[in-house]
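Here the sequence shown stands for residues -23 to -1, 1 to 135, numbered as in mature numbering (1 follows the signal peptide of the UniProt record, and there is no 0).
Below: the structure, in structure tokens.
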Amino acid sequence: MNKVKALISGVALSVAMATSALAAGVEINASSTGLALQGYDPVAYFTVGEPTPGNWKITATHNDALYRFASEENKAQFEKNPEAYLPEYGGYCAFGAAMGFKFDGDPTLWKIVDDKLYLNLAKDIQTRWEGDIPGFIEKADSNWDGIADKDPADLQAQ
């Protein structure tokens, strides 16, 4: 019986370590397994001009986050210059960052401004953000340094 317990404990520890090794830090909006952009292809926003689901077989890891791509070409473009395709504020809601919070960014609610990808939480939030994009980007850029390494829940508790 002790061998079974030891085996189960060892497997659980291995899974926990593997999961934490894949999980991105709090500065990136990713799932518990480290999947960023809910599996959408970051390059496709710029090349196709719309949210495009990535293929689970075509992936790349950047800053401990896993990104999926619709094609090998998109993956190669990303690997050459990931910073050109990553969403601003780690993929968190751009309006939320302007307000000093970290809310999920919905990959289907997006906008490219000055060659940078921005996501928002909800359609009404995006509409509000679009009312003063330069002003909200300025506020979000200013806030981001102070909130990037904070857990989203800790920011809401303040």
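Ideal Cβ placement from N, Cα and C applies to all residues, glycine included.
Practice task
Provide the residue(s) that pair with N6 in DSSP beta bridges, ordered along the chain.
Solution key: Taking the first residue of the sequence shown as 1, we reach residue 6 at position 29. When beta bridges are read from the DSSP output, N6 appears opposite no residue.
Handout entry: Contact test: Q15 Cβ vs the ligand SAM heavy atom, cutoff 7 angstroms
Key = Here there are no bound small molecules, and the ligand SAM is not part of this structure.
Practice task
Take residue 153 as the anchor and find which of L43, S8, G73 has the nearest alpha-carbon.
Solution key: The structure shown has nothing for residue 153, since the chain only spans -23 to 135.
Exercise for the section: Enumerate in chain order the residues of its own chain whose CB-to-CB distance from N120 is below 7 angstroms, with the five nearest sequence positions on each side excluded. Expected result: Numbered from its first residue, the sequence shown carries residue 120 at position 143. Excluding residues within five positions, the ones whose Cβ falls inside 7 angstroms are A74, A75, G77.
Handout entry: Cutoff 7 angstroms; reference F55; Cβ partners in own chain excluding five residues on either side
Key = For the purposes of this step, residue 55 is taken as the residue at position 78 of the sequence shown. Here the set comprises P19, V20, A37, Y44, F46, Y62.
Practice task
Can you give me the start and stop residues for the alpha helix (DSSP H) that L132 sits inside?
Solution key: For the purposes of this step, residue 132 is identified with residue 155 of the sequence shown, where counting begins at 1. That run of the alpha helix (DSSP H) goes 129 to 134.
Problem - Unbroken beta strand (DSSP E) run spanning K93, endpoints - result: Within the sequence shown, numbered from 1, the residue matching residue 93 stands at position 116. From DSSP, the beta strand (DSSP E) with K93 extends over 93 to 97.
Practice task
Grab me the residues of E27's own chain with a C-beta within less than 8 angstroms of its C-beta, minus the 5 sequence neighbours each way, in chain order.
Solution key: Taking the first residue of the sequence shown as 1, we reach residue 27 at position 50. Hits under 8 angstroms: A21.
Exercise for the section: Please report the residue range of the alpha helix (DSSP H) in which A75 lies. Expected result: The residue you call residue 75 lines up with position 98 of the sequence shown. Element bounds for A75: 71 to 75.
Handout entry: Inter-stretch contact at 8 angstroms, needing at least 3 Cβ pairs: the segment 124 to 131 / the segment 2 to 12
Key = yes
Problem - C-alpha distance - N58 paired with H39, whole-angstrom precision - result: As a working mapping, residue 58 is identified with position 81 in the sequence shown. As a working mapping, residue 39 is identified with position 62 in the sequence shown. Looking at the two C-alpha atoms, the distance is approximately 11 angstroms.
Practice task
With DSSP as the reference, please indicate the residues paired to F46 in a beta bridge.
Solution key: Taking the sequence shown and counting its residues from 1, one reaches residue 46 at position 69. F46 pairs with N32.
Handout entry: As assigned by DSSP and simplified to three states, the class of P111
Key = For the purposes of this step, residue 111 is taken as the residue at position 134 of the sequence shown. Reduced to three states, the DSSP call for P111 is helix.
Handout entry: Neighbour-count burial assignment, Q133, 16 or more Cβ in a 10 Å radius
Key = Residue mapping note: residue 133 aligns to position 156 of the sequence shown, counting from 1. Result: exposed.
Exercise for the section: Within its chain, find whatever has a CB closer than 7 angstroms to the CB of Q15; leave out the 5 residues flanking it on each side and keep chain order. Expected result: Locating residue 15 in the sequence shown gives position 38, counting from the first residue. Hits under 7 angstroms: P84.
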